[in-house]
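First up is the structure itself, then whatever we jot down about it.
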Amino acid sequence: MGTCELKNEYRKYQADLLFPPAIILLSFYFSTFGLLFTTLFLGIILPASFYTLDRYFHFQTNSNKISYPCSCFYISWTITSFVILLYVFEFVVVPFLEITIWENYTLLAFVTISVSIIIYIRYRNKCDSLEIVHYQATKANSKLLFFNKWVSTNITNEHFKLYLLSLFSVICALIFGTYLSITTICHTTLQFDFLLVPDDCSEIYFDINLSLSFISAIYASMLVVAILYSLIRLLFENVFISQKNYYNLHNVEPPFFHNHAKNVQSHLPPISPPCRSPMEGDVPSASYTKFSEIIRRSTNGQLQCSMFCGGRKCKYEQSSYWSEKDKAIPELYSHWITEDILAMARPSNESIRKHKLIEMFKKNSIQTIINLQEPGEHSSCGPLLDKSGFTYDPKLFMDKQIYFYNFKWKDYDGISESSLLDMVKVVTFALSQGKIAIHCHAGLGRTGVLVASYLIYTYRCQAQSAIKFVRMKRPNSIQSRGQILALFKFANHISPCFIVFKSASSKKIHVTLTEFLHRQRILLHGEELRILRYIPKIVFIICEKLIKIAGKSSLLTLLENENHFDESYNFTQTYLSNTKRLSIIVNLNEKKNLTNQELSNLSDESDQDLYEVGNELKSHNLLQYNNLNSSNNENQNDNLKTDDKLFIESLTKTDLESDSISPDLDLEYLNKESMHSHRSSFAVLKQSLSNQVERFTTPEIVVSTMINNVNTDPNFQSQIFQYQKEINNNPTGWEQLYKEEDMEMLVALLWIWFENFDIPILNNETIKVINENKGNIGLQLLKLNQEIRYTIEYLTRFLIRLCDSSDLKTLFLPDSTKMVTPINHLIRRMISALTNKQINYSSNEFVPKERTSWAVLSQMNYESIFAFIISLLKIIIEEQKI
């Protein structure tokens, strides 16, 4: 929780710190007038004052008639009363000398313990009982939330047990002091030969000190009842933080993305607009009280099982306890949350054999079981544990080709957003193989959290919507406040990752290429993550769609091949931007003994140099291939796939047949597939993206569209904006993009994405790196940010695959930077998008024309970047030559 500076009007002592001493002292004074006054003040006025002030200061109502917690009056009342009572006892009762020393020491010991614990807690938590904490949930929410941080700190954190001990010490001191006071100032009799009890107190009102002592003792006993009342109410009702404001006080805002689902869509409520205040609407409440949660976390497993589950007769593991509607799988407490996700209580070896659960799972097409328990957990519940640490042997399922995953998640414990996201990704992959069953102990708390997290991740729904949906399907799911809070934190953790187009988002986030790819990696998993680890997904899809529209082979089908699950495979492993491969290029220049100064004086690598780089790379590939056949390199053999061997072999055939590479640039092979499309593992490229008839056009038309994409029609601009919002807010936005065939729409989205960074991809720092290492393509790439160099290399390879060989030849002519050809113009447009600057390639000719507000890229920087891309392009061409 964070504290904020209060405005001047809030810098004042709260009335709950001023009323207690005034009311208590006045009441004590008037009570000494006689027995009637004692009864009136102690029996009516003081209790009424306590109740009224406590209720008034506990809740205040703002102008919108919404109650919110302000402070807890009883804390100030208790502390004040305790100080006054101790003062009266020590200075009025003790001087009578009718109590023993050990009795006074005992009372002082209780006082010392309680005060020491309170001081210790305040020191550890750096809190002040006078400090009022101010929260403002969002800019749109002007409501101010106040509460006493001292109470919140002690009740809601790890020192709760110490806090209870301090209050127990206070109560003991009050009771013991009351007994000593009354038996000292009143006539007493001895009962049971050891217990003094007051017999006659009628004469106490003749002496002000006696009456004050008596009244203090009576008040102390009343205060014990008041403390117990307030504490019980605080524990069981948790009124000092209202349910509606629960997540506000933890600075957790519900995500704002639209939900979309197939079998869940009709049940998830419509999402709210982004400006909606988190104070409004229903926030799901916890199934457990605050006190119950504390007990469950602090007691040992055996006691938990006997208190809450039923021990060996655990209700969650007794099928007879549940009705048929609660047994989606016969004889197992279970519910279908979606058509493919089953939430269930943990099965047992006995139930597996007796009720043929594996056959039931097979019948319902369940292919995966996800276990969220720790081994040895809830050992006193239901049947005895198997040697695996669970109530069943996972091997029973695995022997029947049912996958088994175990995530150790301690019951009632919290979980980090990253750990929860990892589990959600496994759930997503498991669902691609078939239906899944998830369980913890009862299949309610941890199981419900995981299923709700999956709904948030997949359908971008609000956390509260996911909770309500899961509870509707499986009552009493997601039980504790910690679990609810974990879901809101999870939603806030992944919500920025959904934003692809910053300009179409109401949530303001800082966007650079590195940050974008980091968020992208948080979301992606499996095949997508390996293919797009360093390449923006939006760029990859649009460029591959344009390749497909141009009638050439696209890599898009790789993202659809869900069964291609190979963790060692990485789409960019053969890129020059790979650090290991870059070292080859750098070492080649070092072999020539060229200094950095000499390299910087070169305007560009000579063609012969670039050919040698390509030859060196191919030789390196051959060396890798030969090492694979060596018995001393088994680890390398494990990491490099057979398909890679075939590809490397094909790359090196030319080297084996000739001693050198011809310096004449042969571009005829550029009409062939990309280097990746030659791999047998990429045979899926021959499959169609969909069964629908595709529209094909020529590469020239695609290039022309990319160059001249200036459509200012308001309807088109509106469609583009809605498209961006759909991709940001709705999972179907990506599906729509996969099927998009409108070149103009695709190109517009591509340029808009490049032009919406807070810091351009090719910013001043990256341009400086290119200029300082001019003439050394290896150092240029190596010193660039990893994400930048991979993205630029992908775009360069995109150009090679898109353009015909005749177009590419013009890039290698003298003064190509100033030539007006389609491919040169496309590179200019690309550089402009990467730098967010206009390019003046000839007199009064700017690219892009419509970006009149952009600064103009200097001629020197433009030529350096252009030469850098051409050098990269030449190396890639030579390396791919077969």
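With numbering that gives the first Met the number 0, the residue at position 282 of the sequence shown is 281, and numbering never jumps.
Here a beta-carbon is modelled for each residue, glycine too, at the ideal position from N, C-alpha and C.
Being a predicted model, the structure only gives us computed values, none of them experimental.
Point to revise | CB-CB length for T513 against E786, believed under 8 Å | key: Between T513 and E786, the beta carbon gap of about 5 Å places them in contact (Cβ cut-off 8 Å).
Exercise for review: Could you say which of T337, P474, P382, S379 lies nearest to L454 if we only look at CA atoms?
Suggested key: Distance check between L454 and each of T337, P474, P382, S379 places T337 closest, using alpha-carbon atoms only.
Review point. For the putative contact between L825 and I700, defined by C-beta atoms under 8 Å, what is the C-beta separation to the nearest angstrom?
Key: That belief does not hold up - the Cβ atoms of L825 and I700 are roughly 13 Å apart, past 8 Å.
Check your understanding: When burial is assigned at 16 or more other CB atoms within 10 Å of the CB, is T765 buried or exposed?
Key -> buried
Point to revise | Every unbroken alpha helix (DSSP H) inside the region 786-873 [4 residues or more] | key: 804-808, 821-834
Exercise for review: Ignore the nearest five residues each way along the sequence and tell me which others in V469's own chain have a CB closer than 7 Å to its CB.
Suggested key: For V469, the CB contacts under 7 Å within the same chain, skipping 5 residues up- and downstream, are I336, G447, V450, A451, S476, I477 in chain order.
Review point. Looking only at C-alpha atoms, which of L443, G481, N491, T731 sits nearest to M471?
Key: Of the listed residues, the one whose Cα sits closest to M471 is L443.
Check your understanding: L179: which of D199, L166, Q190, F213 sits nearest, CA to CA?
Key -> F213
**Study point:** Continuous beta strand (DSSP E) assignments of at least 3 residues falling wholly in the region 322-368
**Key:** 333-335, 340-343
Review point. Around the Cβ of K551, are there at least 16 other Cβ atoms within 10 angstroms (buried) or fewer (exposed)?
Key: buried
Point to revise | For I726 and M359, the rounded distance between their alpha carbons | key: 40 Å
Review point. Per DSSP, P197 forms a beta bridge with which residues?
Key: T187
Point to revise | Endpoints, the alpha helix (DSSP H) within which Y722 is located | key: Here the alpha helix (DSSP H) through Y722 covers 713-728.
Practice item. Out of K724, N763, N577, E526, state which residue places its alpha-carbon closest to the alpha-carbon of Y789. Key: N577
Exercise for review: Give every residue of the same chain whose Cβ lies closer than 7 Å to the Cβ of F428, excluding the five residues on either side of it in the sequence, and list them in chain order.
Suggested key: Correct list, in chain order: H524, G525.
Check your understanding: Nearest to T511 by CA position, among D757, H438, S165, is which residue?
Key -> Between T511 and the set D757, H438, S165, the nearest pair of CA atoms involves D757.
Check your understanding: Roughly how many whole angstroms lie between the Cα atoms of I751 and F845?
Key -> 18 Å
Point to revise | Buried/exposed call for E323, threshold 16 Cβ in 10 Å | key: Burial state of E323 is exposed, judged by a 10 Å Cβ sphere holding fewer than 16 other Cβ atoms.
Practice item. Could you name the residues that DSSP lists as bridge partners for Y402? Key: T367.
Check your understanding: Which partner residues of I83 appear in the DSSP bridge assignment?
Key -> Paired residue(s): none; I83 is not in a bridge.
Check your understanding: Between I799 and I876, what straight-line distance do the alpha-carbon atoms span, to the nearest angstrom?
Key -> Taking C-alpha positions only, I799 is separated from I876 by approximately 8 Å.
Check your understanding: How close, in whole Å, do the beta carbons of L745 and L545 come, if the pair is a contact with beta carbons under 8 Å?
Key -> 6 Å
Check your understanding: Using the rule of at least 16 other Cβ atoms within 10 Å of the residue's Cβ for burial, across every protein chain shown, is L778 buried or exposed?
Key -> With 16 or more other Cβ atoms from the protein chains shown falling within 10 Å of its own Cβ, L778 counts as buried.
**Study point:** Neighbourhood of V92 by C-beta distance below 6 Å, restricted to the same chain and skipping five residues each side
**Key:** S180, T183, S212
Point to revise | Inter-residue CB distance, A747 and N710 (contact presumed, cutoff 8 Å) | key: 7 Å
Check your understanding: How many angstroms separate the CA atom of Q858 from the CA atom of N755?
Key -> Spanning the two alpha carbons is a distance of roughly 24 Å.
Check your understanding: So what does DSSP say about A441, is it helix, strand or coil?
Key -> coil
Review point. Whole-angstrom Cβ separation of Q366 and I401, contact assumed at under 8 Å?
Key: 6 Å
Check your understanding: Going by alpha carbons, who is nearest to S168 out of I112, M221, A216, L209?
Key -> I112
Review point. Any idea what DSSP makes of I435, helix, strand or coil?
Key: Residue state, collapsed to three classes: strand.
Practice item. Between the Cα of T820 and those of P713, A219, L227, V702, spot the shortest distance and give me the residue it belongs to. Key: V702
Review point. By Cβ distance below 8 Å, which residues in the same chain neighbour I98 in space, the five residues on each side in sequence not counted?
Key: V92, L179, T183
Exercise for review: For my contact list, D398 and Y391 are in at a C-beta cut-off of 8 Å; report their separation, rounded to the angstrom.
Suggested key: So it is not a contact: roughly 12 Å between Cβ atoms.
Review point. In this structure, does DSSP put V510 in helix, strand or coil?
Key: coil
Check your understanding: What is the residue span of the alpha helix (DSSP H) that E764 lies within?
Key -> 763-771
Check your understanding: Any idea what DSSP makes of D412, helix, strand or coil?
Key -> Coil.
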